[in-house]
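**Student:** First, the structure itself, so that you have it in front of you.
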Amino acid sequence: MQDILDDIVATIGKSDDRGNVADYIPELAGVDPNQFGICVATTDGQVFSTGDSEQLFSIQSISKVFSLTVALGHLGDGVWKWVGREPSGDPFNSIVQLEHEHGKPRNPFINAGAIAIADAILMKRLPKEALAEILSFVRFIADDESICFDSKVAQSELDTGERNRALAHFMKAYGIVKQPVDYVLGTYFHHCAIAMNCRQLAQSGLFLAGDGRNPVTGVRVISSNRARRINSLMLMCGHYDGSGEFAFRVGLPGKSGVGGGILAVAPGKASIAVWSPGLDEVGNSKLGTAALERLVQKTGWSVFA
Ligand code: GLU
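The working numbering numbers the first residue of the sequence shown as 13 and each following residue consecutively.
Have a look at this one:
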């Protein structure tokens with residue numbers, strides 16, 4: 013495994029065709045696109061990493077997997093009143109489908125869906141309580157108490173996130189969002205602004221690779237049924253309108269973020285985190301996707317194998 017990762021960093025990680033860093037969040041616009049890290053945490057407790065795998069980055073939409081898990085913990089199947097379970101085929105921040113579908117987002121991993129999930133978590137909770145809960149859940153699954161929010165990134169989105177504000181108001185008009193929009197967006201922007209490195213992120217996905225149980229510590233986090241459902245949503249919806257392409261090329265449940273990270277899950281085998289800040293046209297890490305494609309070719313880990 014270490015040889016495979018070293019080869020990926022030496023080849024794909026050095027590519028000149030790196031895509032473009034997300035610049036609609038000013039705080040992310042200055043991230044050096046030449047960084048590249050990867051970490052594989054296996055279900056038998058081994059951790060392999062290379063490149064810039066200790067460098068913190070903004071996990072952005074990868075956090076939607078964690079906020080969904082927290083919401084499912086509170087509401088169980090009640091969550092599906094807020095969001096659907098279908099791929100969107102639309103860009104991550106699109107408002108078009110919402111109008112056709114009466115304000116109910118297609119799935120929890122597009123921006124509208126994750127904003128609706130933040131609203132669901134805020135039932136009977138203040139934003140600071142919801143955020144404390146999401147952060148402590150992430151620290152628990154990653155087994156790392158040092159994980160924090162990057163408040164500069166959160167502030168940068170609060171200052172510029174008019175499109176997300178529009179989505180939230182639109183859903184409020186339809187009664188999907190019920191809490192004050194400022195509370196909902198404050199919660200959403202902050203959980204997107206959690207900073208992690210590839211090692212922490214790979215560790216955090218182990219419960220999804222272990223059928224709901226962290227295979228290393230033996231601690232059950234969620235039921236197997238719930239883990240399988242989250243993995244299936246990641247496979248179908250984890251890369252916005254690039255989800256089909258990701259399933260075709262990589263064949264693993266995965267969730268990307270505009271910070272350039274991707275968390276991928278090889279059920280029963282490993283949790284993988286890769287980070288390269290340059291994005292492709294649909295907002296997914298360009299080299300991160302290529303790296304996972306190569307990793308799966310070498311390991312045969314596709315869920316369709
Ligand atoms: N916080 C980002 C936004 O709302 C998340 C987008 C992403 O990572 O894809 O635009």
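C-beta: ideal position from N, C-alpha, C; glycine also. Small disclaimer: the values here were computed from a predicted structure and weren't measured.
Cβ-heavy atom distance between Gly198 and ligand 1 below 7 Å?
**Tutor:** For ligand 1, not one heavy atom lies less than 7 Å from the Cβ of Gly198.
**Student:** Could you name the residues that DSSP lists as bridge partners for Thr54?
**Tutor:** Thr54 is bridged to Ala282.
**Student:** Bridge partners of Val59, per DSSP?
**Tutor:** According to DSSP, Val59 bridges with Ala53.
**Student:** Return yes when the C-beta of Gln318 is under 7 Å from any heavy atom of ligand 1, and no when it is not.
**Tutor:** The question about residue 318 has no answer, for the chain in this structure spans 13 to 317.
**Student:** Measuring straight from C-alpha to C-alpha, what distance separates Phe69 and Ala185?
**Tutor:** Answer to the nearest angstrom: the Cα atoms are 34 Å apart.
**Student:** Could you check if Gly269 belongs to the surroundings of ligand 1, using beta carbon to heavy atom distance under 7 Å?
**Tutor:** Yes, ligand 1 has a heavy atom inside 7 Å of this Cβ.
**Student:** Alpha carbons only, please: which of Lys76, Phe60, Asp29 and Cys204 is nearest the one belonging to Asn119?
**Tutor:** Considering only alpha carbons, the answer is Lys76.
**Student:** On a CA-only basis, which of Arg30, Ile133, Phe48 and Ala178 is nearest Val91? Give me that one, please.
**Tutor:** Answer by Cα proximity: Ile133.
**Student:** Going by beta-carbon coordinates alone, are Lys298 and Phe121 separated by less than 8 Å?
**Tutor:** No.
**Student:** Cutting at 6 Å between CB atoms, please list the residues of its own chain near Ala8, excluding the five before and the five after it.
**Tutor:** Here the chain covers residues 13 to 317 and nothing more, so residue 8 does not appear.
**Student:** Spatial neighbours of His86 within its chain, please: C-beta separation below 8 Å, excluding the five flanking residues on both sides.
**Tutor:** Cβ within range, chain order: Ala132, Ile133 and Met135.
**Student:** From Ser283 to Val52, what distance separates their C-alpha atoms?
**Tutor:** Taking the straight line joining both Cα atoms gives about 6 Å.
**Student:** Report yes if the CB atom of Val262 is closer than 8 Å to the CB atom of Glu293, and no otherwise.
**Tutor:** No; because the gap between Cβ atoms is not below 8 Å, this pair is not in contact.
**Student:** Runs of 4 residues minimum, wholly inside the stretch 196-237: which ones carry the alpha helix (DSSP H) assignment?
**Tutor:** Fully enclosed alpha helix (DSSP H) runs of 4 or longer: 210-216 and 218-221.
**Student:** Helix or strand or just coil, what does DSSP make of Ser70?
**Tutor:** Reduced to three states, the DSSP call for Ser70 is strand.
**Student:** Please say whether Met183 and Gly96 have beta carbons closer to each other than 8 Å?
**Tutor:** Cβ atoms of Gly96 and Met183: not closer than 8 Å.
**Student:** Comparing alpha-carbon positions, which option in Ala207, Ala144 and Gly88 lies nearest Arg241?
**Tutor:** That would be Gly88, whose Cα lies nearest to the Cα of Arg241.
**Student:** Buried or exposed for Asp3, going by 16 or more other Cβ atoms inside 10 Å?
**Tutor:** In the structure as shown, the chain begins at 13 and stops at 317. Residue 3 is therefore absent and cannot be evaluated.
**Student:** Could I get the ranges of all uninterrupted alpha helix (DSSP H) runs contained in the stretch 75-138, with 4 residues as the minimum, in chain order?
**Tutor:** Counting only runs of 4 or more, we get 75-87, 108-112 and 123-133.
**Student:** To the nearest angstrom, report how far apart Gly272 and Pro192 are at their CA atoms.
**Tutor:** About 30 Å.
**Student:** Report yes if the CB atom of Ala205 is closer than 8 Å to the CB atom of Ala166, and no otherwise.
**Tutor:** Cβ distance < 8 Å, so Ala205 and Ala166 count as in contact.
**Student:** Spell out a yes or no on whether the stretch 208-225 and the stretch 145-158 are touching, meaning 3 or more CB-CB pairs, one atom from each, closer than 8 Å.
**Tutor:** With the cut-off at 8 Å, the stretch 208-225 and the stretch 145-158 touch.
**Student:** Where DSSP assigns a beta bridge to Ile274, which residues make up the other side?
**Tutor:** DSSP output for Ile274 lists Ser268 and Val286 as bridge partner(s).
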